[in-house]
Amino acid sequence: MPVIEHQQLINAPVEVCFDLARNVDIHTQTTSKTKERAVSGVTEGLLEQGDTVTWEAIHFGIKQRLTAKVTLMEKPHSFVDVMLKGAFHSFVHTHQFIEKTGGTIMIDKFQYKSPFGLIGVVVDKLFLEKYMRAFIVSRAKELKKIAENMD
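Residue numbers (UniProt numbering): 1 to 151.
Here it is in structure tokens:
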């Protein structure tokens with residue numbers, strides 16, 4: 001099961017970073033390259049514990065849907081979302097926020113299991129893990145820009 005972990009220093013208060021990371025509208029903005037949008041469940045505003053959201057996006061030239069549920073929330077330090085339905089066999093995405101002088105360290109930990117058994121393992125090694133890492137890093141950098149440019 002691949003685990004992708006990324007840390008991003010953001011020069012903004014922990015509450016701001018936490019709220020931006022669970023904001024459906026901001027998620028759409030930070031994933032514009034894949035045309036991601038919420039199509040069911042919570043489709044705007046802030047996600048709370050117990051909420052579900054279905055995302056539609058284009059990955060590898062294919063329109064896909066993925067439904068995730070927020071299973072844990074400890075404001076403003078962490079929340080966890082898990083896949084209920086989608087292209088992966090499963091995933092757990094843990095979002096952590098650590099307050100530091102002058103800012104916040106945002107940590108994404110994305111654990112996933114690909115479908116299709118051994119073929120999925122090969123796909124991970126060939127390109128999927130690299131693709132998912134780039135997706136998570138890109139989103140973190142976009143969140144950083146938004147948080148640091150708020151007045």
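Note that CB positions come from ideal geometry on N, CA and C, so glycine has one too.
{"Check": "Enumerate, from N- to C-terminal direction, the unbroken alpha helix (DSSP H) stretches of 4 or more residues contained entirely within the UniProt domain \"Coenzyme Q-binding protein COQ10 START\" (10–126).", "Outcome": "14–21, 24–30 and 117–123"}
{"Check": "Report the rounded CA-to-CA distance for F110 versus H89, giving the unit in angstroms.", "Outcome": "13 Å"}
{"Check": "Cα separation between V80 and T52?", "Outcome": "12 Å"}
{"Check": "Spatial neighbours of F97 within its chain, please: C-beta separation below 8 Å, excluding the five flanking residues on both sides.", "Outcome": "V14, C17, F18, A21, P76, H77, S78, T104, I105, M106 and I107"}
{"Check": "Buried or exposed for F91, please, with buried defined as at least 16 other CB atoms from any protein chain shown within 10 angstroms of its CB.", "Outcome": "buried"}
{"Check": "Specify, as a first and last residue, the run of the alpha helix (DSSP H) that M132 falls within.", "Outcome": "E129 to E148"}
{"Check": "Can you tell which of T30, H93 and T67 has the C-alpha that lies nearest to the C-alpha of V42?", "Outcome": "T67"}
{"Check": "Between the alpha carbons of G102 and L9, how many angstroms are there, rounded?", "Outcome": "10 Å"}
{"Check": "To the nearest angstrom, how far is the alpha carbon of G120 from that of S114?", "Outcome": "5 Å"}
{"Check": "Are the CB atoms of I4 and M132 nearer to each other than 8 Å?", "Outcome": "yes"}
{"Check": "Is it buried or exposed, M150, if we count other Cβ atoms within 10 angstroms and call 16 or more buried?", "Outcome": "exposed"}
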